[in-house]
Every structure is written in structure tokens, then in C-alpha cells.
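If you're matching positions, the sequence shown starts at 3 in the working numbering and goes up one per residue.
By construction, the Cβ of each residue, glycine as well, lies at the ideal position given by its N, Cα and C atoms.
Step one of this worksheet: look at the structure below.
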Amino acid sequence: MKVVNTVYTYGYSEDEVRHLAKRLKYNVKRLKLTLVCLPLFGDGLMEIYDYKQFQQKFYKDIKKEVVVLGFAPDRGGAQEIVLSITQDLYDADCNFDVKKFFGI
């Protein structure tokens, strides 16, 4: 799991963000997070997942790396992150190219 350098968050302090990003990088279990990621299968701009989903065998067997754009404690916070990223994409005039915007 890869976390982008300019990760968007909702409801966390700076210290918590660094700590959680490190835990995500090493796939630590028992995190109660909702993640905003690049689409795993190429459709759409972003996807929202509960972190627990990535602990299932199906996602562990996928060879494609999960790229985390943001995280929040709940789905509502993740939706706010998606709105924020979308607005920033619009303001940056990146033609809604999420990978280009994050430098991936």
C-alpha cells in the first residue's frame, strides 16, 4: 500500500497523520479507517474503501499496488476528502487527471 506525499485527511492532527500513514505503509491490521484511493480496476477518478476490505484474501492476491490519496475516520469524512480533491483538481486545471495532480 502506497500513501502519496500530499495525503488528504479529515479529522486527524498532523502527528496522527504521520503515524497512520506509516501504519498504512506496513499494512498494520486493526485500523479503523476509510480510505480514498486511486481506482483499482481503472474506472472512475477515485474510490472509497473501508480499510478492513484490504485485509480480505481477494485484495491481498491483487498484484496492483493500492495508492492512498486520503483517509478519514468514517465514510462521511472520506466523501469530504473526495470533494476537496475534486475542487483542487478543478482549480489546478489538470483536466481531472488525478495521477498527474499527485505526481504519480
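Would Val68 and Lys27 be called neighbours here (beta carbons separated by less than 8 Å)? no
Quick test of your reading: Met48 and Val84, contact by CB under 8 Å. State the CB separation rounded to the nearest angstrom. Rounded, the Cβ-Cβ distance is 6 Å, consistent with contact.
Secondary structure at Lys31, three-state DSSP: helix, strand or coil? coil
Fully enclosed by the segment 41-71, which beta strand (DSSP E) runs are 3 residues long or longer? Listed in chain order, the beta strand (DSSP E) runs fully inside the segment 41-71 are 49-52, counting runs of at least 3 residues.
Can you list, in chain order, the residues of its chain whose CB lies under 7 Å from that of Ala23, leaving out five sequence neighbours each side? Val5 and Val9
Nonlocal neighbours in the same chain, by C-beta distance under 8 Å from Pro75, ignoring five residues either side: Tyr12, Gly13, Tyr14, Lys34, Leu35 and Thr36
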